[in-house]
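The numbers in the numbering used here rise by one with no breaks, and the one at position 79 of the sequence shown is 79. Even glycine gets a Cβ: it sits at the ideal position worked out from N, Cα and C. Quick caveat: nothing in here was measured; it's all calculated off a predicted structure.
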Amino acid sequence: MSSEPYEGIIVADLDRRAMQAVAERIQRLSDEHWWALDPSCRLMENDAWVGPTGARFDAQVHADQRELRAMLTQAVHSANQKLAALPDRP
Numbered sequence: 001m002s003s004e005p006y007e008g009i010i011v012a013d014l015d016r017r018a019m020q021a022v023a024e025r026i027q028r029l030s031d032e033h034w035w036a037l038d039p040s041c042r043l044m045e046n047d048a049w050v051g052p053t054g055a056r057f058d059a060q061v062h063a064d065q066r067e068l069r070a071m072l073t074q075a076v077h078s079a080n081q082k083l084a085a086l087p088d089r090p
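So this is what it looks like as structure tokens:
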């Protein structure tokens with residue numbers, strides 16, 4: 001099993017214009033979802049749920065936020081790398 005969740009996914013060869021559209025879409029989706037877990041994290045930072053179960057949930061929601069942001073960052077980076085590797089065509 002791969003260490004990267006989406007490593008090895010085959011991406012179709014796209015021309016530069018199509019790949020540019022894909023990269024822009026991935027960036028928009030990343031921007032849209034970057035803050036998805038912020039409300040829960042903020043509530044937990046303000047002791048919305050206390051005790052051992054609250055502490056576990058707090059740790060998990062913050063870990064999930066870090067994981068989500070790492071995956072979004074990787075997706076944007078990957079798309080931009082693929083785009084940069086494509087030749088410019090007049």
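Item, Value
"Where residue 39 falls: helix, strand or coil (DSSP)", "helix"
"Neighbourhood of residue 69 by C-beta, 7 Å cutoff - its chain only, sequence neighbours within 5 removed", "34"
"Cβ separation of residue 59 and residue 22, assumed to be a contact under 8 Å, to the nearest whole Å", "Not confirmed; about 35 Å, so no contact."
"Cβ-based neighbour list, residue 27, same chain, cut-off 6 Å, excluding 5 preceding and 5 following", "76"
"Assigned exposure category for residue 72 - 16 Cβ within 10 Å defines buried", "buried"
"Burial state of residue 37, where buried means 16 or more other Cβ atoms lie within 10 Å", "buried"
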